[in-house]
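In what follows, a structure is listed as structure tokens, so that the remarks can point back to it.
There are 2 protein chains.
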Amino acid sequence: MRQPGRMIPVLAGLVLLAAGSDATRGQAPRSPLVSPEVQPDGKITFRLHAPKAEKVVLNSGEMQAALKAASTPLEKGEGGVWSVTVGPLPPGIYDYSFNVDGVVLTDPSSPDVFGNRRGSRGFVEVPGPKGRPRTDEWRDVPHGVVSIHWYTSAATGVRRRLHVYTPPGYGKEADRKYPVLYLLHGSGDNDSHWMLIGRANVIADNLIADGKAVPLVIVMPDGHVRERPPGELDDKPRQEIRAAFEKDLLESVVPLVESAYRIRTDAAGRAVAGLSMGSAQALAVGLGNPEKFAWVGGFSGALRADDPVLARLRSDPARANERLKLLWLAIGKDDVGLKGKRDLDAALKEMGVKHEYHETEGAHRWSVWRQYLAEFLPRLFR
Amino acid sequence: MRQPGRMIPVLAGLVLLAAGSDATRGQAPRSPLVSPEVQPDGKITFRLHAPKAEKVVLNSGEMQAALKAASTPLEKGEGGVWSVTVGPLPPGIYDYSFNVDGVVLTDPSSPDVFGNRRGSRGFVEVPGPKGRPRTDEWRDVPHGVVSIHWYTSAATGVRRRLHVYTPPGYGKEADRKYPVLYLLHGSGDNDSHWMLIGRANVIADNLIADGKAVPLVIVMPDGHVRERPPGELDDKPRQEIRAAFEKDLLESVVPLVESAYRIRTDAAGRAVAGLSMGSAQALAVGLGNPEKFAWVGGFSGALRADDPVLARLRSDPARANERLKLLWLAIGKDDVGLKGKRDLDAALKEMGVKHEYHETEGAHRWSVWRQYLAEFLPRLFR
Numbered sequence: 002m003r004q005p006g007r008m009i010p011v012l013a014g015l016v017l018l019a020a021g022s023d024a025t026r027g028q029a030p031r032s033p034l035v036s037p038e039v040q041p042d043g044k045i046t047f048r049l050h051a052p053k054a055e056k057v058v059l060n061s062g063e064m065q066a067a068l069k070a071a072s073t074p075l076e077k078g079e080g081g082v083w084s085v086t087v088g089p090l091p092p093g094i095y096d097y098s099f100n101v102d103g104v105v106l107t108d109p110s111s112p113d114v115f116g117n118r119r120g121s122r123g124f125v126e127v128p129g130p131k132g133r134p135r136t137d138e139w140r141d142v143p144h145g146v147v148s149i150h151w152y153t154s155a156a157t158g159v160r161r162r163l164h165v166y167t168p169p170g171y172g173k174e175a176d177r178k179y180p181v182l183y184l185l186h187g188s189g190d191n192d193s194h195w196m197l198i199g200r201a202n203v204i205a206d207n208l209i210a211d212g213k214a215v216p217l218v219i220v221m222p223d224g225h226v227r228e229r230p231p232g233e234l235d236d237k238p239r240q241e242i243r244a245a246f247e248k249d250l251l252e253s254v255v256p257l258v259e260s261a262y263r264i265r266t267d268a269a270g271r272a273v274a275g276l277s278m279g280s281a282q283a284l285a286v287g288l289g290n291p292e293k294f295a296w297v298g299g300f301s302g303a304l305r306a307d308d309p310v311l312a313r314l315r316s317d318p319a320r321a322n323e324r325l326k327l328l329w330l331a332i333g334k335d336d337v338g339l340k341g342k343r344d345l346d347a348a349l350k351e352m353g354v355k356h357e358y359h360e361t362e363g364a365h366r367w368s369v370w371r372q373y374l375a376e377f378l379p380r381l382f383r
Numbered sequence: 002m003r004q005p006g007r008m009i010p011v012l013a014g015l016v017l018l019a020a021g022s023d024a025t026r027g028q029a030p031r032s033p034l035v036s037p038e039v040q041p042d043g044k045i046t047f048r049l050h051a052p053k054a055e056k057v058v059l060n061s062g063e064m065q066a067a068l069k070a071a072s073t074p075l076e077k078g079e080g081g082v083w084s085v086t087v088g089p090l091p092p093g094i095y096d097y098s099f100n101v102d103g104v105v106l107t108d109p110s111s112p113d114v115f116g117n118r119r120g121s122r123g124f125v126e127v128p129g130p131k132g133r134p135r136t137d138e139w140r141d142v143p144h145g146v147v148s149i150h151w152y153t154s155a156a157t158g159v160r161r162r163l164h165v166y167t168p169p170g171y172g173k174e175a176d177r178k179y180p181v182l183y184l185l186h187g188s189g190d191n192d193s194h195w196m197l198i199g200r201a202n203v204i205a206d207n208l209i210a211d212g213k214a215v216p217l218v219i220v221m222p223d224g225h226v227r228e229r230p231p232g233e234l235d236d237k238p239r240q241e242i243r244a245a246f247e248k249d250l251l252e253s254v255v256p257l258v259e260s261a262y263r264i265r266t267d268a269a270g271r272a273v274a275g276l277s278m279g280s281a282q283a284l285a286v287g288l289g290n291p292e293k294f295a296w297v298g299g300f301s302g303a304l305r306a307d308d309p310v311l312a313r314l315r316s317d318p319a320r321a322n323e324r325l326k327l328l329w330l331a332i333g334k335d336d337v338g339l340k341g342k343r344d345l346d347a348a349l350k351e352m353g354v355k356h357e358y359h360e361t362e363g364a365h366r367w368s369v370w371r372q373y374l375a376e377f378l379p380r381l382f383r
């Protein structure tokens, strides 16, 4: 049974598969429909077999801006197959689901499905123009390795998991120590999603291959150390959860990866960044421990004005300015958290804490966070 | 666009989540329903919000035998929520989907979703009785690491991926070389699924902790080297695909892992096994190259009577008997491939090739393959 506050292991996955018919061996494929189908011009056709449905719509937060609509109706055709063609869409990665008479449905034909804490969704990719691949697109360059570790947390006493990216060539030079980025996910995700959806490894591979980023190790821990009781608005649990997160990160994750990998342990060789919930965590742990992290990135999420970390920062901004090499903040103009981030920018300015603040196109979405990682990595460890 | 016969890059993943409400930050959870809900006695309740549906049924191949039914109807209750309680079910891992008025649906409430080439499904786990966990259940023992590699294949020229399990303690003894099992997936899956669904790493962790298996490295490559043209029944493409698979395995995968890991390169330190399609591949590459692999396992899948590998074996069975330390075959009594496997057993007996043949309860399913791996690993490298 599942109960709030109890930790149980769960499993979810994403697959991006080899294309083509798989009908020649074993059981028949689940659906013979091709969906989604990406055209060379960036148009995408979605199809669903739902003979008894009265209404089928396509929902996609990521496509919303390009399509200028929150949802797009499909039309019923022959044999009970509903379909719609949208676009052309700009190059990028788009997640989507169907809504069939009020039921949210993951496209059963999609070979590309991922799950997170919000449920599962299909996704579809529009490649960059020939010769100009996206920064988050797989290219024919040397690839790093992503390793999955399981450990028992000092903070919680239970099994947790983390992902580690090591760059191409890692392990070839016995004495080389790599700088390390601790990269934190958002509240809907876990430690796998910066790889699965965020393409952190692909972005790093591409930037390293182009000489735009320093070869580095990226540690992607699980940010959900403790569940917040449902509906809990009191600040105490929030601070307790953050304390548990920092204990897990600093007392379990950091020692584990420093024991298993040849990585730097000085602040100048350590960065911490995150998106949304992970942005708040990165800002708190980074600004709260400038002797441990000299590079801090906050993608979308902010800190509340009454956050104790900001109070400590206000009492001694010189300490942060001496130690921090980069405090990099960015948020999309359509992000629901825009005001909070602007307030943080204003508070840091008022304290005189050196930082960069970027407002970009986009909302609270992975398309924005991939772009931020691609802008942040080249700034690190220089 | 997706076209039969064209290979595109593949990716898959696993997430290990904290359970409980996630409604306190950012967007609302996709569904407030708890589904599936496992009771302490092994009963499971499934729920789906589908106010306009006329008929909702639960489909689960894995539950079918226990429930004595291929599908189970849900009943409509208050607020358009359909539900059904089934079981008690024996300890195990069960995959399932819903069928809503003819549309196959992955449970949107399930935190545990995986996708493969057949589409996505939810899954649910019934733990073993207190103090007697299943062999494929996470336990508080030292855990190995699973690493994901991407490489360009000599056989295909395109990017492919593989997973590698290293046992607890790997890397602590600088000069130790580990024996290695090459473990192949079935036609519906890819290189991630022995970890995601097959729990190969968990099974190995548990058997190693109990001293029942020798610490080993497990290499899980992608078996889909080339797509078979749809409807192609000619034998020529089948042999070409197998040749491409063997070229990829022996000329790309083996050199990659022997360069990246401290593993044995002698036949006595190398095993190959697989399930279904991967069983046929393992039997072909193992029996065809006894100077490279001394331990061979075939779970469910067989070789056709006219297979060239069997013809070569027939011409010199003494060579196989001298070199093979174990040829281990198993299949479930309800497997659709039972006759083919019995024929293989008979052919090997007739040739005088030493082997073990096991017929077990079960069908062509992951529950059986996890059990076979748990029986096969303790036999290796002794």
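Order-wise, the sequence lines are chains A and B. The first sequence begins at 2 in the numbering used here and counts up by one. The second sequence begins at 2 in the numbering used here and counts up by one. Glycine included, every Cβ here is placed at the ideal spot set by N, Cα and C. Please read all numbers here as calculations on a predicted model, not as lab measurements.
Contact between glutamate 76/A and valine 85/A holds, with the beta-carbon distance rounding to 6 Å and staying under 8 Å. One Cα belongs to serine 121/A, the other to glycine 353/A, and the distance between them is close to 44 Å. Pairing alanine 201/B with valine 226/B, the inter-Cα distance amounts to about 22 Å. By the criterion of at least three beta-carbon pairs nearer than 8 Å, the region 204-213 of chain A is not in contact with the region 279-298 of chain A. For the alpha helix (DSSP H) assignment, the uninterrupted runs of no fewer than 4 residues enclosed by the region 198-254 of chain B are, from N- to C-terminal side, 201-210 and 236-249. At least one CB atom of chain B sits nearer than 9 Å to the CB of glutamate 55/A. In chain order, Leu163, Val220 and Pro222 place their CB closer than 7 Å to the CB of valine 254/B, counting only its own chain and leaving out the 5 sequence neighbours on each side. In summary, glutamate 362/A is exposed, with fewer than 16 beta-carbon neighbours lying within 10 Å of its beta-carbon over all protein chains present. As for any alpha helix (DSSP H) of minimum length 4 sitting wholly inside the region 161-191 of chain A, there is none. By the C-beta density criterion, threonine 107/A is buried, having at least 16 other C-beta atoms within 10 angstroms.
Contact check between the region 142-152 of chain A and the region 162-180 of chain A: three or more CB pairs, one atom from each, fall below 8 Å, which counts as touching. At a cut-off of 9 Å between beta carbons, aspartate 176/B makes no contact with chain A.
In the DSSP secondary-structure assignment, leucine 328/B is bridged to Val297/B. Not one beta carbon of chain A lies nearer than 9 Å to the beta carbon of valine 286/B. For alanine 319/A and aspartate 141/A, the gap between their C-alpha atoms comes out near 45 Å.
Interface residue (Cβ-Cβ distance to chain A less than 9 Å): valine 101/B is classified as such. Bridge partners of tyrosine 95/B according to DSSP: Val125/B. In this structure the region 127-141 of chain A lies against the region 86-96 of chain A, because at least three pairs of beta carbons, one per stretch, are closer than 8 Å. Sequence-distant Cβ neighbours of valine 146/A in its own chain, meaning closer than 8 Å and more than five residues away, are Tyr166, Thr167 and Tyr171. Taking 9 Å as the cut-off, the Cβ atoms of serine 316/B and glycine 299/B do not count as close.
Interface annotation for the region 144-167 of chain A against chain B: His144, Val146, Val147, Ser148, Ile149, His150, Trp151, Tyr152, Thr153, Arg160, Arg161 and Arg162, criterion Cβ-Cβ distance under 8 Å. Proximity of leucine 49/B to chain A, defined by a Cβ-Cβ separation below 9 Å, is satisfied.
Distance from the CA of aspartate 344/B to the CA of valine 218/B, rounded to the nearest whole angstrom, comes to 32 Å. Minimum Cα-Cα distance from serine 277/B among the listed residues His359/B, Pro238/B, Lys342/B and Arg313/B corresponds to Lys342/B. In the DSSP assignment, the residues bridged to proline 74/A are Val58/A. In the DSSP annotation of this structure, the continuous segment of the alpha helix (DSSP H) that includes phenylalanine 377/A starts and ends at 367-377. When the alpha-carbon of threonine 136/B is set against those of Lys53/B, Leu328/B, Leu185/B and Arg371/B, the nearest one is in Arg371/B. Pairing phenylalanine 382/B with proline 169/B gives a Cβ-Cβ distance that is not under 9 Å. Taking all protein chains in view, the Cβ of arginine 133/A is surrounded by fewer than 16 other Cβ atoms within 10 Å, so the residue is classified as exposed. Per DSSP, tryptophan 139/B has no beta-bridge partner at all.
Separation of alanine 272/A and leucine 378/B (C-alpha to C-alpha, rounded to the nearest whole angstrom) is 41 Å. Contact with chain B is absent for arginine 371/A, since none of that chain's Cβ atoms lies less than 9 Å from the residue's Cβ. Among the residues facing chain A, aspartate 141/B is included, as its CB has a counterpart in that chain under 9 Å away. A distance below 9 Å separates the beta carbons of alanine 274/A and tryptophan 329/A. Per DSSP, the continuous alpha helix (DSSP H) segment holding glutamate 351/B begins and ends at 339-352. Close CB contacts of leucine 311/B within its chain, under the 7 Å cut and outside five residues either way in sequence, are with Leu304 and Ala348 (chain order).
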